[in-house]
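In the numbering used here, the protein residues as written are 308 to 698. Accompanying notes for the structure given below.
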């Protein structure tokens with residue numbers, strides 16, 4: 308294994324530091340995830356042999372986590388799930404997560420200041436939802452260029468407040484500072500009863516795979532904005548709002564956690580495909596998804612046709628929907644439906660988990676395709692470059 312890693316290093320040097328193919332890097336590094344390999348990768352980064360845009364966010368996280376040591380009260384540490392889980396000896400777990408938005412990599416030009424404020428709250432509490440945790444408080448750090456208008460700050464704050472209250476919590480503090488571009492970092496704290504914690508690692512073969520709402524809606528909205536597509540005004544409003552004002556499924560997640568019917572969960576941040584890949588790794592199962600069962604809105608399908616994209620590429624590889632992706636015990640499906648109905652939510656059955664650990668989708672015409680382990684990664688592409696994920 309060490310020799311293989313060294314061979315990879317030699318290949319980097321002799322290639323005159325050319326960019327790697329992103330997906331090739333992922334598959335190679337996933338094979339060599341040992342301490343020796345991570346040590347070598349760290350040295351290569353320091354030496355300048357690999358840049359972050361070549362490595363990508365997920366392997367960067369692995370390198371950071373490799374340097375950290377956990378204490379006994381940490382039940383789930385960094386890089387293992389959607390949020391960290393601490394056991395403080397009480398009846399509930401403390402769940403903590405943080406997320407960041409920066410102007411260049413996360414914020415479309417069409418997003419208003421109010422929507423920016425709502426977004427930092429939504430994307431942060433969405434990770435709590437994926438763990439079945441109810442948010443109890445949020446702190447937000449805000450970095451502004453010094454020539455930012457005070458009205459922008461006011462509108463961002465109003466957006467944060469509205470979103471936090473919508474999710475049953477509030478902004479309890481934070482920090483402000485000067486930065487070269489608008490930057491927001493949200494940290495959310497939640498609680499969940501110990502017997503209701505949702506994780507990525509509990510799925511079993513033959514579980515039902517489900518999502519909490521339509522997928523690809525935000526991706527279609529982003530395409531409308533980037534390509535300035537001419538579409539029906541009502542349909543445009545639906546899709547663009549999904550891209551600029553996503554919703555976290557906090558009530559739905561807490562209801563399902565309370566019903567004790569979910570074996571594994573995550574939120575669809577960087578695309579359905581990558582979320583399935585994460586659950587597959589942590590639960591050691593595969594997935595068979597049926598295209599005919601995917602909840603895809605008609606306007607989303609029209610956008611896919613308009614831009615000449617395969618529908619599954621558009622709806623699975625870009626992300627931004629923040630819907631829940633769930634594995635549910637087959638004998639608890641009706642219980643899950645009842646729990647979701649009580650909070651006026653939705654639940655769509657899209658496939659099953661499998662023992663063979665392969666990720667595949669049965670297309671509408673009966674073809675079986677492999678689901679590629681890829682998704683949005685802001686170290687590799689910016690929002691304006693998401694078309695790279697459609698190829």
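Glycine included, C-beta positions come from ideal geometry on N, C-alpha and C.
Sequence-distant Cβ neighbours of residue 384 in its own chain, meaning closer than 7 Å and more than five residues away, are 377 and 391.
Between residue 399 and the set 536, 380 and 388, the nearest pair of CA atoms involves 380. In this structure, the beta-carbon distance from residue 409 to residue 490 falls below 7 Å. In this structure, DSSP gives residue 663 a state outside helix and strand, which the three-state scheme calls coil.
The stretch 446-462 makes no contact with the stretch 654-674; the number of CB pairs closer than 8 Å stays below 3. Less than 7 Å separates the beta-carbon of residue 542 from that of residue 606. Rounded to whole angstroms, the separation of the alpha carbons of residue 424 and residue 622 is 26 Å. Just so you know, the alpha carbons of residue 505 and residue 454 end up roughly 43 Å apart.
Just so you know, the alpha carbons of residue 526 and residue 670 end up roughly 20 Å apart. Rounded to whole angstroms, the gap between the alpha carbons of residue 443 and residue 673 is 46 Å.
The beta carbon of residue 448 is closer than 6 Å to those of 481, 482 and 492 in its chain, skipping five residues each way along the sequence. Distance check between residue 403 and each of 420, 446 and 421 places 446 closest, using alpha-carbon atoms only.
Rounded to the nearest whole angstrom, the C-alpha separation of residue 397 and residue 441 is 16 Å.
Residue 442 has 497 as its beta-bridge partners, per DSSP.
When DSSP states are grouped into helix, strand and coil, residue 653 belongs to the coil group. Contact annotation: the stretch 552-560 does not touch the stretch 608-622, with fewer than three C-beta pairs closer than 8 Å.
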